[in-house]
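To keep things clear, I will list the structure first and then write my remarks on it.
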Amino acid sequence: MNVDLRKAWKIGPRKGSAPYLRTVLLLLAAGALAACRTAPAEEPAASAEPHPYVGMWVTADNHIRQELLPNNRYDEARGTKASAYTGRYQVTGDHIDYWDDSGFTADGRFDGDVLHHGGYLFYREGSAAHRKAAGGR
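Under mature numbering (1 follows the signal peptide of the UniProt record, and there is no 0), the letters of the sequence shown match residues -34 to -1, 1 to 103, in that order.
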């Protein structure tokens, strides 16, 4: 079967027509969306002095363990699953914003040695608040 490629290229919307323009815009939008989804997340600028919340935060039963690293990254373990969630975070005052590497976002609020986050209470590991919440263990 012989196909005349010059004729094959003429199949589809004509250049300048509304369907052609819609197709071009759709392709541009898809490319922009793909670029947004694959662009690496910007790391917050590292401050000269780390905020006071760097360290390990745990639930009372130690099932969820979230380490806030000095480079504005976090690593959260759940049960026996190490690094269940990882991403970046930024602390402003007593507020924390999270950007997970998988794409979701969350936030929380510090109250001394207690972190309110995602419906959970986290405690600075080893603090008096943690010992009290764990039942004096």
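All C-beta atoms, glycine included, are put in the ideal place defined by N, C-alpha and C.
Exposed is the label assigned to residue 75, since fewer than 16 other Cβ atoms lie within 10 Å of its Cβ. For residue 72, the enclosing beta strand (DSSP E) covers residues 71 to 77. In terms of Cα proximity to residue 50, the closest of 68, 84, 62, 38 is 68. Just so you know, the alpha carbons of residue 58 and residue -13 end up roughly 43 Å apart. Between the C-alpha atoms of residue 39 and residue 101 there is a straight-line separation of about 30 Å.
Within the model, the alpha-carbon separation for residue 45 versus residue 29 is close to 5 Å.
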